[in-house]
Structure formats: C-alpha cells, structure tokens
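Visitor: Protein chains in written order, with the numbering used here: chain A, 35 to 393; chain B, 46 to 305; chain C, 11 to 77.
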Amino acid sequence: MAERVFMKGTEAMAEAAVRAGCRFFAGYPITPQNEIPEYMARRLPEVGGSFVQGESEIASVNMLYGAASTGIRAMSSSSSCGISLYSEGVSYCASARIPMVYINVQRGGPGIGAIQPSQQDYNQATKASGNGGFRMIVLAPDSVQECVDMVYEAFDYAERDQNPVLILTDGVMGTMMEPVVLPPMKSDEELSKCREKFLPRAIIGHPLGQQATCRPGSVGGGQEEKNIAASKLYKSWEKDIKVEEFMMDDAEIVFAAYGISARISKVVIRELREQGIKAGMIRPITISPFPYKSFENLDFARVKGIVNVEMSIPAQMKWDVEYAVKGRCPIKEVLRSGGQLLTNNQVMDGALEFIKEVL
Amino acid sequence: MAEERKVYSRTKGILPDTVSGFCPGCMHSTVHKIVGEAAEELGQLDNLVRVEGVGCCGLGQFYVSCDETIAAHGRAGAVATGIKRSSPNSLVYTYQGDGDLAAIGLAETLSAANRGENFTVIFINNGIYGMTGGQLAPTTLVGMKSTTTPLGRKAEEHGYPLHICEIINQLTAPYYIERVSCDTPQHVIAARKAIKKAFQYQLEGRGYSIIEVVTSCPTNWGLDTLSSLNFLREKMFAEYPLGVFRDRGKETADDSSAKV
Amino acid sequence: MARVEIYTEACKSCSYCVISCPKKTLEISEKVNSKGYLYAEQVRPEDCIGCMMCAQICPDAAIEVWR
Chain A
35 MAERVFMKGT EAMAEAAVRA GCRFFAGYPI TPQNEIPEYM ARRLPEVGGS
85 FVQGESEIAS VNMLYGAAST GIRAMSSSSS CGISLYSEGV SYCASARIPM
135 VYINVQRGGP GIGAIQPSQQ DYNQATKASG NGGFRMIVLA PDSVQECVDM
185 VYEAFDYAER DQNPVLILTD GVMGTMMEPV VLPPMKSDEE LSKCREKFLP
235 RAIIGHPLGQ QATCRPGSVG GGQEEKNIAA SKLYKSWEKD IKVEEFMMDD
285 AEIVFAAYGI SARISKVVIR ELREQGIKAG MIRPITISPF PYKSFENLDF
335 ARVKGIVNVE MSIPAQMKWD VEYAVKGRCP IKEVLRSGGQ LLTNNQVMDG
385 ALEFIKEVL
Chain B
46 MAEERKVYSR TKGILPDTVS GFCPGCMHST VHKIVGEAAE ELGQLDNLVR
96 VEGVGCCGLG QFYVSCDETI AAHGRAGAVA TGIKRSSPNS LVYTYQGDGD
146 LAAIGLAETL SAANRGENFT VIFINNGIYG MTGGQLAPTT LVGMKSTTTP
196 LGRKAEEHGY PLHICEIINQ LTAPYYIERV SCDTPQHVIA ARKAIKKAFQ
246 YQLEGRGYSI IEVVTSCPTN WGLDTLSSLN FLREKMFAEY PLGVFRDRGK
296 ETADDSSAKV
Chain C
11 MARVEIYTEA CKSCSYCVIS CPKKTLEISE KVNSKGYLYA EQVRPEDCIG
61 CMMCAQICPD AAIEVWR
C-alpha cells in the first residue's frame with residue numbers, strides 16, 4: 035500500500051525506518067538531523083518501539099549496539115562531528131558483526147565546522163568509519179524519495195551481511211521537502227522472519243549450553259580468521275554496486291558526483307546538452323562499494339575529461355575517480371565546502387572553463 | 046545416619062571444567078561465582094544477559110555460561126540500556142571495573158542510573174587498573190602507588206578517590222544501592238544476597254540497582270593474597286565503607302508494615 | 011560426616027579457604043597442579059563440620075561440600 039505524501043527528508047527517513055521495522059532509536063541532538071530523533075520520539079511509542087535520547091553520541095551508538103545485538107531492527111542518526119563520535123560503536127558493530135543502520139546528515143567540517151550542508155565526510159564514510167579497516171555498504175541518496183527507499187532497504191543489507199549500513203546524506207536532503215511514496219509497513223510476521231538469521235546470536239538469554247555471544251574482538255585469538263571472513267564479505271559486494279549513468283551514451287564530458295552535487299550537476303548537464311555539448315554523468319549510488327568499473331570502462335577515445343563535483347575542499351571522491359581513470363583523461367574539480375552550497379551557475383562556469391581546455 | 050547430601054555445588058552460571066583467567070586471590074572470580082549462584086537461585090540462568098566492561102572483566106567472557114557481549118570501554122551502561130529496552134524480559138546486568146565504570150564510562154554510568162534503567166550494575170572497585178598493569182584509577186586511594194603515580198596518588202595533583210555509590214545516591218531514580226565485599230565467607234554470602242535482591246528487583250521492574258564490590262588486586266597492589274585482605278579491610282573499607290545506601294524495596298516494605 | 015571435594019586444577023593457592031575454616035581442616039599442600047599452583051587439601055577431614063565457609067570464600071569455585 036504505497037502512500038504518496040509531502041515530507042521533509044529527515045522525517046521521511048525516520049518514517050521509512052519505522053515502516054521497515056525499526057523498533058529502537060537512540061540519538062543525540064545535532065543540527066541538521068534533529069527532526070529524525072524528534073520524529074522517532076513521537077512515532078516509535080506508537081508501534082511499541084523504544085526511543086532513547088542518549089547523553090552523547092558515544093552513548094547513543096553504544097545503545098544502538100546493545101539494541102541491535104538483541105536482533106531487533108535498530109537505527110541511529112547524527113551529523114558529521116557527531117558521526118566522528120560514532121566511530122567507536124560502529125567499529126564494534128562491524129567487529130561483532132551486528133546488523134544496524136545509521137544515517138549521517140552531513141554538515142560542514144572539519145571540527146564543529148558549520149551547520150549548513152556539505153559532503154565532507156566521504157572518506158570517513160567510505161574508507162575508515164572507525165578503527166580496524168572494516169567496511170560497510172554506504173548508500174548516498176540524491177532525493178528524498180531515494181532517502182526513503184535506501185533507509186527501507188538498508189535494514190535488509192544489514193541483516194543479510196550482519197554488518198552496519200550507513201546512509202550518507204546531507205543537510206540539503208535532510209531539510210528539503212518533496213513528494214515521496216512511502217513503502218508499506220512491515221508486519222510483525224515479516225519482522226520475525228527478518229530476525230531469524232541473527233536469533234542464535236541474539237543477546238537475549240539462551241538456555242544453558244546454547245550461550246550466545248557477541249564479541250567485538252578476539253582476546254583469546256582468532257581475530258585474523260574473523261577479518262578474513264569479513265574481507266570475503268566485502269568482496270562479495272561487487273553484485274550490490276548501484277550507479278546511475280545519466281546521458282552517458284555519447285558523453286564526451288563526464289560529470290562525477292554523488293548525492294546533492296549530482297542533483298545540481300544534472301541541471302547543468304541538461305543545459306550543456308541544450309548548448310550542444312555532449313555531457314553526461316556517472317553518479318555512484320553506492321559510494322561503498324564504489325562503481326570503479328563505470329569509470330574504468332569509459333571509452334577514453336570519446337571522453338575528453340571528467341568534471342568532479344563535490345561539496346568538499348579538498349576533494350574526496352576524486353581519489354576514487356582518479357583510481358579508476360588512471361590518468362587517461364584530465365579531471366576538473368568543482369568544489370565548495372564548509373557549509374557553502376554549490377550553485378548551478380558555479381558548476382556551469384567550472385564546466386565551461388574546462389570544456390574550453392579539453393574540447 | 047542420614048544419607049550424605051551435596052550442600053554446596055559449583056554453580057552452573059560458570060562453565061564446567063573451566064578455570065577462570067583471574068589471578069590467585071582475585072575477587073573477580075568470587076563475584077563471577079556469586080552472580081551465577083544468585084541467578085541460579087532465581088531460576089534465571091536461561092534468561093541472563095551479561096554486558097561486560099573492558100579490562101580484567103573481559104576475562105569473564107571465557108568463564109560465564111550466559112549470553113554475553115562486550116561493551117566498548119566504559120559503555121556498558123549504554124549497551125545495557127539498548128539491550129534491556131529491546132529485550133525487556135531478559136535479566137540484564139553489567140559487569141564493570143573502576144576504570145571502566147568510574148573513569149571512561151562515568152557519563153554512561155550516571156546517565157543510565159539517572160534514567161532509572163531497569164538493569165543491574167555489578168561494579169568491581171579495587172582501586173586500580175588491573176589488566177593494563179596497575180595504573181591510577183579514579184578510586185585509587187590517596188598515597189597509593191600505581192604505575193602512573195609512582196610516588197603515590199597526591200591529592201593536590203590527582204584529586205581524591207571517587208565514591209560511586211555516594212554519587213549515585215544523589216540521584217532520584219536508582220532503586221537499590223549497596224556496597225559489599227568478598228573478603229570473608231560472611232561477606233561473600235551478603236554480597237550474593239545483595240546481587241540476588243538486585244536481580245529480583247529488576248525482574249519486578251523496579252529499575253536501576255548498583256552493587257559495588259570493594260575487592261583486592263593482589264597482583265597490582267604488589268601484595269600476597271592474605272596481605273591484600275588486610276589492606277582491603279584497613280585501607281579500602283575506611284575509604285569505601287560497606288553498607289546499604291538505598292533500598293527502596295525495604296523502605297516500601299517498612300512503610301506497609303508500619304501501616305499494619 | 012561432612013566432607014569437601016576440591017577441584018584441584020582450579021585452585022590457585024590463595025589460602026582464603028585455609029584461613030576461613032573454623033576447624034582448621036585445610037592446608038596448602040606440597041602438591042602442584044598443572045598450572046603450577048600448590049593446591050589446598052583437607053588434611054583433617056575428620057574435623058570437618060560441613061559449614062561451607064571454604065566453599066563460600068573460594069574465588070574459583072573449586073570446593074564442593076557434602077554432609
């Protein structure tokens with residue numbers, strides 16, 4: 035029973051989580067994600083769930099660790115500098131292979147940075163969200179609808195892999211309102227089915243002799259075996275790569291952008307097409323695993339250059355693009371950061387300047 | 046003559062044929078034993094969930110028979126909050142040392158207590174960091190040497206010992222607060238009784254309980270096991286007096302009896 | 011008659027049982043377990059009253075009591 039409503043990004047994500055079966059949320063106030071905990075505080079009691087405002091981000095993520103270790107669907111959200119404090123708990127979840135979902139509504143950084151939107155947590159999200167070299171599936175939506183769909187499916191990924199999943203969005207997506215189709219509410223039956231796989235490991239009190247343990251490490255030895263198993267899981271994510279290739283059939287100028295930057299770039303690409311410039315875009319939807327192949331397999335006889343658009347200075351996703359392009363064409367950076375929004379004009383100006391050089 | 050009967054058995058709360066990893070004379074072992082016994086007496090061994098802190102507490106993961114997870118250092122109060130709220134029928138306890146509970150985890154400890162979360166905290170206070178090699182703890186006595194206060198704890202530089210039961214007793218929500226020890230058989234029996242009572246209160250949904258166990262650390266105190274008992278009684282009990290700080294259950298019972 | 015059974019492999023020679031026995035029936039023996047600890051032994055079993063003080067104090071749950 036799909037339902038079309040007009041909703042703010044943060045609240046839509048919260049509602050999507052509830053519909054996906056999330057029954058525990060812990061979070062700490064930080065702009066610009068406050069509407070997620072606020073919504074959850076109202077909504078979770080209606081469905082028999084539990085909301086806790088933690089005394090800090092550290093406490094909140096560890097509450098999430100505890101709740102998710104019982105096998106229920108649990109979520110948290112924060113923003114940039116708050117997410118830094120999540121490192122500990124996320125790494126523990128990854129090590130103990132506890133399925134959970136969390137959202138980063140990015141703001142400017144580093145440090146306390148700025149409360150306005152940015153995309154400055156790309157490397158942290160995709161490369162090192164905590165100690166120990168673990169990896170996660172990281173989803174990067176470019177609309178409120180995608181925010182909703184991604185939150186809804188993130189729990190499935192988390193349970194399938196018994197690993198944390200991160201939604202990396204930003205203050206634009208979080209605060210804007212758009213029409214969205216909300217997914218159906220999962221039934222208790224569906225949810226108990228979701229829980230089955232984790233149940234033998236769930237920390238809920240098992241009969242003697244069937245002890246369940248959730249260990250975020252291996253003091254007694256065996257950590258390498260756990261790391262090898264996790265590494266195999268990370269390699270299996272090749273099949274989960276999602277990428278949007280926009281107007282790429284004949285593109286000579288390729289935009290590389292994710293999330294809000296991709297959305298702005300799309301407008302510019304359409305305008306460039308009107309001017310007769312063959313522009314297109316590769317938009318990573320999963321930024322981890324990253325769609326390297328989409329860039330590796332470009333026809334560099336045709337593609338003259340890449341415009342890397344990000345709300346981060348210095349550029350971050352560009353590392354991944356460069357890794358795939360391997361110097362076969364020039365890459366132009368169009369960047370803003372520190373809470374400063376990219377505008378269509380700025381992206382257009384940057385692109386045109388570059389086009390003059392390469393075309 | 047009556048038939049011979051076993052009157053004291055090793056609890057099923059700890060794994061059979063397993064030797065704990067704790068040092069000789071370490072009361073971590075004792076507390077593991079009596080937690081198991083208390084839960085067994087309540088018929089709760091199949092329902093018991095342990096959230097353990099980091100440090101020597103972690104050795105318990107290879108010793109207990111119940112479901113268990115390890116919280117990040119100091120975060121057991123937060124992890125137990127998540128577990129208890131998501132699985133309210135489980136009997137949940139945290140098992141934490143003084144470094145874990147009173148230093149790195151002080152915020153989580155006080156906040157869980159202040160919310161009156163319905164779980165039980167077992168707090169082992171031996172005045173020192175054990176696992177990492179005898180560093181200064183918030184509970185280290187003034188004058189006591191540690192590897193990071195080689196000349197002894199100086200009040201003017203390191204402050205004074207932190208009294209957790211007394212601090213938690215300032216909060217309104219906690220239901221039961223008691224400080225016990227395990228230095229004599231009588232104290233062990235009293236400590237088990239306190240833990241059992243705290244578990245009982247949790248099962249009745251009464252809210253937050255903390256049982257602080259003042260213990261020795263012969264290894265890092267640099268004393269043999271019997272001398273460590275003397276130090277415990279003479280110095281530690283002087284700083285950390287044993288007793289019930291609050292027992293709302295008893296207060297209620299007293300009130301009702303007064304009415305009758 | 012009361013008696014105790016000591017799981018000698020778990021004994022770490024702390025002597026808490028020795029000092030807790032009201033009838034002084036226990037002593038640390040000269041025998042060594044596989045971990046290298048001299049373990050406790052009941053040397054005067056005839057005096058044991060089965061009061062369980064040794065079992066209560068034993069950190070390592072190494073003592074069981076019959077009576």
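Yeah, the Cβ is synthetic: ideal placement off N, Cα and C, and Gly gets one too.
Taking a cut of 8 Å between CB atoms, which residues from the segment 254–276 of chain A lie near chain B?
Guide: Gly-254
Visitor: Strictly under 8 Å for the Cβ-Cβ distance: is B/Ser-54 near chain C by that measure?
Guide: As a first step, residue 54 of chain B is located in the second sequence; it is residue number 9 there, counting from the start. Output row for B/Ser-54: interface = yes.
Visitor: Inspect the CB distances between the segment 58–72 of chain B and the segment 379–389 of chain A and report whether three or more fall short of 8 Å.
Guide: no
Visitor: Quick check on the burial criterion: 16 or more other C-beta atoms within 10 angstroms. Buried or exposed for B/Asn-170?
Guide: Here residue 170 of chain B corresponds to residue number 125 of the second sequence, with the count starting at 1. Flag for B/Asn-170 reads buried.
Visitor: At the 8 Å Cβ level, is B/Ala-115 part of the contact set with chain A, yes or no?
Guide: On the second sequence, residue 115 of chain B is found 70 positions in, with the first residue counted as 1. For the record, residue 115 of chain B in the displayed sequence is Ile; it is not Ala. So, interface residue.
Visitor: Which residues does DSSP list as the beta-bridge partners of B/Gly-288?
Guide: Counting from one through the second sequence, the residue named residue 288 of chain B turns up at place 243. Bridge partners of B/Gly-288: B/Arg-224.
Visitor: Can you tell which of A/Ala-148, A/Ala-263, A/Ala-290 and A/Ile-340 has the C-alpha that lies nearest to the C-alpha of A/Val-277?
Guide: Taking the first residue of the first sequence as 1, we reach residue 277 of chain A at position 243. Ranking the options by Cα distance to A/Val-277, first place goes to A/Ala-290.
Visitor: Can you tell me which residues form a DSSP beta bridge with A/Met-134?
Guide: Stepping through the first sequence from its first residue, residue 134 of chain A is reached at position 100. BP columns for A/Met-134 point to A/Pro-198.
Visitor: Measure the C-alpha to C-alpha separation of B/Ile-222 and B/Ala-239 and round it to an integer number of angstroms.
Guide: Taking the second sequence and counting its residues from 1, the one referred to as residue 222 of chain B is at position 177. Taking the second sequence and counting its residues from 1, the one referred to as residue 239 of chain B is at position 194. Straight-line Cα distance between these residues: approximately 9 Å.
Visitor: Run down chain B in chain order and give the residues with a C-beta less than 7 Å from the C-beta of C/Gly-60.
Guide: Translated into the one-based positions of the third sequence, residue 60 of chain C becomes position 50. By Cβ distance, chain B contributes Val-52.
Visitor: Would you mind listing the alpha helix (DSSP H) stretches within the segment 138–215 of chain B that are 4+ residues and don't spill past its ends, in chain order?
Guide: 151–160, 200–203 and 209–213
Visitor: State yes or no: is the beta carbon of B/Ser-156 nearer than 8 Å to at least one beta carbon in chain C?
Guide: By one-based count along the second sequence, residue 156 of chain B stands at place 111. So no, B/Ser-156 is outside the interface.
Visitor: Checking contacts by CB at 8 Å: is B/Glu-65 closer than that to chain C?
Guide: For the purposes of this step, residue 65 of chain B is identified with residue 20 of the second sequence, where counting begins at 1. Residue identity check: residue 65 of chain B is Ser in the sequence provided, not Glu. Yes, B/Ser-65 lies at the interface with chain C (some Cβ there is under 8 Å from its Cβ).
Visitor: Pull up the DSSP beta-bridge partners for B/Thr-51, would you.
Guide: Walking along the second sequence from the start, residue 51 of chain B turns up at place 6. According to the sequence as given, residue 51 of chain B is Lys; it is not Thr. According to DSSP, B/Lys-51 bridges with C/Trp-76.
Visitor: Runs of 4 residues minimum, wholly inside the segment 222–261 of chain A: which ones carry the alpha helix (DSSP H) assignment?
Guide: 222–230
Visitor: Please list, in chain order, all residues of the same chain as B/Ala-235 whose beta carbon is under 8 Å from its beta carbon, the five residues on each side excluded.
Guide: As a working mapping, residue 235 of chain B is identified with position 190 in the second sequence. So the qualifying residues of the chain are Val-225.
Visitor: Mind checking whether A/Met-134 and A/Ala-93 have CB atoms under 8 Å apart?
Guide: Indexing the first sequence from 1 puts residue 134 of chain A at position 100. Indexing the first sequence from 1 puts residue 93 of chain A at position 59. For A/Met-134 and A/Ala-93, no; Cβs fall outside 8 Å.
Visitor: Determine, using beta carbons only, whether A/Gly-339 and A/Asp-204 come nearer to each other than 8 Å.
Guide: Residue mapping note: residue 339 of chain A aligns to position 305 of the first sequence, counting from 1. Residue mapping note: residue 204 of chain A aligns to position 170 of the first sequence, counting from 1. A distance of 8 Å or more separates the beta carbons of A/Gly-339 and A/Asp-204.
Visitor: In terms of residues, what are the limits of the beta strand (DSSP E) holding A/Glu-108?
Guide: Here residue 108 of chain A refers to the residue found at position 74 when the first sequence is read from its first residue. Going by the sequence as given, residue 108 of chain A is Ala instead of Glu. That run of the beta strand (DSSP E) goes 108–112.
Visitor: Please list, in chain order, all residues of the same chain as B/Glu-49 whose beta carbon is under 8 Å from its beta carbon, the five residues on each side excluded.
Guide: Counting from one through the second sequence, the residue named residue 49 of chain B turns up at place 4. For B/Glu-49, where only same-chain residues beyond five positions count, there are no Cβ hits under 8 Å.
Visitor: Around the Cβ of A/Leu-78, are there at least 16 other Cβ atoms within 10 angstroms (buried) or fewer (exposed)?
Guide: Within the first sequence, numbered from 1, the residue matching residue 78 of chain A stands at position 44. Around the beta carbon of A/Leu-78, a 10 Å sphere encloses 16 or more other beta carbons of the protein chains shown; the residue is thus reported as buried.
Visitor: Cβ closer than 9 Å: which chain A residues qualify as neighbours of B/Thr-126?
Guide: Walking along the second sequence from the start, residue 126 of chain B turns up at place 81. Result: Ala-60, Val-86, Gly-88, Ala-93, Asn-96, Met-97, Gly-100 and Ala-101.
Visitor: Alpha carbon to alpha carbon, how far is A/Gln-245 from A/Ser-226?
Guide: Residue 245 of chain A sits at position 211 when you count from the first residue of the first sequence. Residue 226 of chain A sits at position 192 when you count from the first residue of the first sequence. Answer to the nearest angstrom: the Cα atoms are 21 Å apart.
Visitor: Given that B/Asp-145 touches chain A, what residues does it touch there, using C-beta distances under 9 Å?
Guide: For the purposes of this step, residue 145 of chain B is taken as residue 100 along the second sequence, with counting starting at 1. The premise fails here: B/Asp-145 is roughly 13 Å from chain A at the closest Cβ pair, so nothing lies under 9 Å.
Visitor: Let me know the secondary structure DSSP gives C/Lys-41 once reduced to three states.
Guide: The count along the third sequence starts at 1 and reaches residue 41 of chain C at position 31. Here C/Lys-41 sits in strand by DSSP.
Visitor: So is B/Gly-178 buried or exposed if we call it buried at 16+ other beta carbons inside 10 Å?
Guide: Within the second sequence, numbered from 1, the residue matching residue 178 of chain B stands at position 133. Under this definition B/Gly-178 is an exposed residue.
Visitor: Report yes if the CB atom of C/Lys-22 is closer than 8 Å to the CB atom of B/Pro-69, and no otherwise.
Guide: The sequence position of residue 22 of chain C within the third sequence is 12, counting from 1. The sequence position of residue 69 of chain B within the second sequence is 24, counting from 1. Their beta carbons are under 8 Å apart, which means C/Lys-22 touches B/Pro-69 by this criterion.
Visitor: Can you tell me whether B/Asp-26 is helix, strand or coil according to DSSP?
Guide: In this structure chain B extends from 46 to 305, so residue 26 of chain B is not present and cannot be described.
Visitor: What I want to know is whether the C-beta of A/Gly-55 ends up closer than 7 Å to one or more non-hydrogen atoms of the ligand MN.
Guide: With respect to the ligand MN, the structure shown offers nothing to examine, as it has no ligands at all.
Visitor: Buried or exposed for B/Val-305, please, with buried defined as at least 16 other CB atoms from any protein chain shown within 10 angstroms of its CB.
Guide: Against the second sequence, residue 305 of chain B aligns to sequence position 260. Here B/Val-305 scores only 41 on pLDDT, less than 50, and its place in the model is too uncertain to base an answer on.
Visitor: Does any C-beta atom of chain A lie closer than 8 Å to the C-beta of B/Val-94?
Guide: Within the second sequence, numbered from 1, the residue matching residue 94 of chain B stands at position 49. Chain A, which has a Cβ nearer than 8 Å to the Cβ of B/Val-94, makes this yes.
Visitor: Among B/Arg-278, B/Lys-295 and B/Ile-149, which has the Cα closest to the Cα of B/Asp-228?
Guide: By 1-based counting over the second sequence, the position of residue 228 of chain B is 183. Closest by alpha carbon: B/Arg-278.
Visitor: By the 8 Å beta-carbon criterion, what residues does the segment 34–55 of chain C contribute toward chain B?
Guide: Lys-45 and Tyr-47
Visitor: Ignore the nearest five residues each way along the sequence and tell me which others in A/Ile-237's own chain have a CB closer than 7 Å to its CB.
Guide: Taking the first sequence and counting its residues from 1, one reaches residue 237 of chain A at position 203. If we look at A/Ile-237 and ignore the five residues flanking it on each side, its Cβ neighbours are Ser-103, Thr-104, Ala-246 and Cys-248.
Visitor: C/Ile-67 CB to nearest chain B CB: under 8 Å?
Guide: For this step, residue 67 of chain C is matched to residue 57 along the third sequence. So yes, C/Ile-67 belongs to the interface.
Visitor: Per DSSP, which one or two residues make a beta bridge with A/Pro-151?
Guide: Translated into the one-based positions of the first sequence, residue 151 of chain A becomes position 117. Looking at the DSSP assignment, A/Pro-151 forms a beta bridge with A/Arg-141.
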